Amino acid sequence: MTVSLLSHRRLTASAALTAALAGLLAPATSASAAPTAIRTQAPAPDMAGIVAALESAMANGAPGAMARYSGPEGVEGRAVGVRDRESGAAMDTRARFRIGSVSKTFSSVVLLQLVEEGRLMLDASVNTYLEELLPDDRITVRHLLTHRSGLADYTNAMFEETVPGFEAVRNRVFGYQELVDLSLAEPRTTEPGAAYAYSNANFAVVGMLIEKLTGRPVADAYQRRIIKPLGLRETAYVHPDTRIKGTHVRGYLHPDETGAPLVDSTEQTASWAQSAGAVISSPADLNTFTSALMRGRLLSPATLEAMTTVTPTDGTDTRFYGLGLRRYDLSCGTRVYGHTGTVQGYYTYAFSTRDGRRSLSALANTSNRGAANTALGNTLEAAFCGKRPASAPNARSAEPSGTAVHLPLRAERDLPERH
C-alpha cells in the first residue's frame, strides 16, 4: 500500500473514525503493551543454524523444509529435502504453499482498516453488526481478534481423528454460518474477555464481519487492500478451488497411527478454515507482508500500536498475542511479530522485527507432527539472534549470566494434533 492510499483512507474516514481510534488502545483484560526495546546492533543471521533447524524438521518427519531471510544484509534463502515426494522435485524457496493461520493476520489487517474507516468499533458487540449471530452480547470485535471470546474451536471435534476428519472435509464447501454453528454447538471455553483461548471460530466470524461491512467476498478485500497494493504476485485466496497454481509445495499429512504412510493433502478446499487459514503465498511475499505491516504501510501508527499490544498465551513470558498477531520474545531480547500457520500438510512461520527491517518466513511440508513444527520454529532464533555462544548451545539464555537457562519451547498448535 502506498503512502498516498493510506493518507486517502485517513482523510475520507467519517467522524466515527476518531471515536474508533480512541478505543483502539483500550486494553483487553490483563493486556500488556510492549515496552520500548533498547536499540542494539542486530546480529547477522546464522544461516548454518537455519539449515540445521530445517534439517531437524526433516529428521522429525517433514519431506522438505525451507526458509527465507530478508534484512539489511540482503536476502538469503535455504531449502532442504523435496517439495514433491512423487516427482522428487527439490524444495524451492520460490514455490507457493498453504500458509494456514498466517491468514489470520491478513484478516486482522482488513478488519482494522475498516475500524480506521469508521465502519465498526473494536469494543462494540459483534451482534451490533451481525444481529443475533452470537448468544452473548458481551462478545466484542476485539475479543475475536485476541482469541478471548470464549467461542469453542470447532476444529477440535472436526479433526479429532486426523486423516478421517480431513478426508471428510477435503472437498466440502462450508458457509461461514455453518462453521459458527459448529462452534456454538460446543460449550464455550471462557467468559468473554476472561482468558486467551485460541479458536478458529473467532476468525470465521471476522470473515463474516468483513463481508457484511464491505458487501464483497473476503477474497476481494484481501486483493484490494493487501495483495495488490503490496505487489504480492504469489499470494492468493482461491477458496473453494482446491488447486495451487504454478510452482508449489505439496503437503503431506501424518496419520495418527505410527508408521502409517503420509497422506498427500495438497488439494483441498480449505473451506473449514476460510478467513482463518485459506490463503496461499510464498516466502518472498510473506516477508514483504510482515515487513510492510510493521513499517506502517497497511495501518496507521495508532492502529499498529493497538495491534501489537499483547497478552500472554502461556506461562513462559515469551509468547504473546495481540490483534491477530503473535509476538515471540527470543533469547537475545529481540521481539518478533507475525503468525504461525498449520493447515493439513504445512507448517509455516512468518515473522518480522518491530521496525520491519528483518523478516523470516519458514515452511515444512508436513503436519500432525509437533516435533517437526518445533524444529522449524528454531529458524527464528537462528535468523534474529545469530550464532549462539558456544557455551550455551540449544538454549534460551537469560541475563544476567548465571540465571536459569530455558530450552526451546514446543510449538504452539493452530490445529489439534496427535503427534
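With the first letter of the sequence shown counted as 1, position 76 gets the number 76 in my numbering; the numbers rise by one all the way through. Even glycine gets a Cβ: it sits at the ideal position worked out from N, Cα and C. Quick caveat: nothing in here was measured; it's all calculated off a predicted structure.
Span separating the alpha-carbon of residue i from that of residue j
i: residue 223; j: residue 304; result: 20 Å
i: residue 249; j: residue 92; result: 8 Å
i: residue 275; j: residue 103; result: 7 Å
i: residue 242; j: residue 163; result: 17 Å
i: residue 185; j: residue 132; result: 15 Å
i: residue 52; j: residue 379; result: 8 Å
i: residue 3; j: residue 296; result: Note on residue 3: pLDDT 40, under 50, position unreliable in the model; the coordinate value appears next. C-alpha separation (whole angstroms): 9 Å.
i: residue 34; j: residue 362; result: Caution is warranted here: a pLDDT of 44 is assigned to residue 34, below 50, making its placement in the model unreliable, and no coordinate value can be reported.
i: residue 425; j: residue 251; result: As shown, the chain starts at 1 and ends at 419. That puts residue 425 outside it, with no answer to give.
i: residue 202; j: residue 48; result: 38 Å
i: residue 105; j: residue 138; result: 24 Å
i: residue 330; j: residue 235; result: 28 Å
i: residue 319; j: residue 56; result: 22 Å
i: residue 311; j: residue 88; result: 43 Å
i: residue 212; j: residue 230; result: 24 Å
i: residue 315; j: residue 246; result: 42 Å
i: residue 124; j: residue 377; result: 36 Å
i: residue 171; j: residue 266; result: 11 Å
i: residue 417; j: residue 156; result: 9 Å
i: residue 308; j: residue 337; result: 8 Å
i: residue 409; j: residue 369; result: 15 Å
i: residue 219; j: residue 150; result: 27 Å
i: residue 114; j: residue 263; result: 40 Å
i: residue 371; j: residue 257; result: 16 Å
i: residue 294; j: residue 282; result: 18 Å
i: residue 118; j: residue 86; result: 51 Å
i: residue 109; j: residue 302; result: 13 Å
i: residue 227; j: residue 270; result: 19 Å
i: residue 79; j: residue 46; result: 15 Å
i: residue 61; j: residue 135; result: 42 Å
i: residue 175; j: residue 389; result: 51 Å
Residues bridged to residue i [DSSP beta-bridge criterion]
i: residue 353; result: 336
i: residue 66; result: 79 and 363
i: residue 159; result: BP columns for residue 159 are empty, so no partner.
i: residue 253; result: 263 and 367
i: residue 302; result: Paired residues: none, contrary to the question.
i: residue 281; result: 97
i: residue 71; result: 74
i: residue 109; result: Partner(s): none; residue 109 has no beta bridge.
i: residue 218; result: DSSP, once it has assigned bridges, lists no residue as partnering residue 218.
i: residue 426; result: Here the chain has residues from 1 to 419 only, and residue 426 is not among them.
Sub-8 Å separation of residue i and residue j beta-carbons
i: residue 206; j: residue 272; result: no
i: residue 313; j: residue 414; result: no
i: residue 386; j: residue 43; result: yes
i: residue 179; j: residue 129; result: no
i: residue 58; j: residue 77; result: no
i: residue 141; j: residue 158; result: no
i: residue 254; j: residue 366; result: yes
i: residue 190; j: residue 321; result: no
i: residue 143; j: residue 193; result: yes
i: residue 277; j: residue 100; result: yes
i: residue 353; j: residue 340; result: no
i: residue 107; j: residue 154; result: no
i: residue 306; j: residue 323; result: yes
i: residue 148; j: residue 195; result: yes
Chain B within 8 Å of residue i, Cβ atoms only
i: residue 164; result: Note that chain B does not occur in the displayed structure, where there is just one protein chain.
Between the stretch 68-86 and the stretch 277-296, do three or more beta carbon pairs fall short of 8 Å?
Yes, the stretch 68-86 is in contact with the stretch 277-296.
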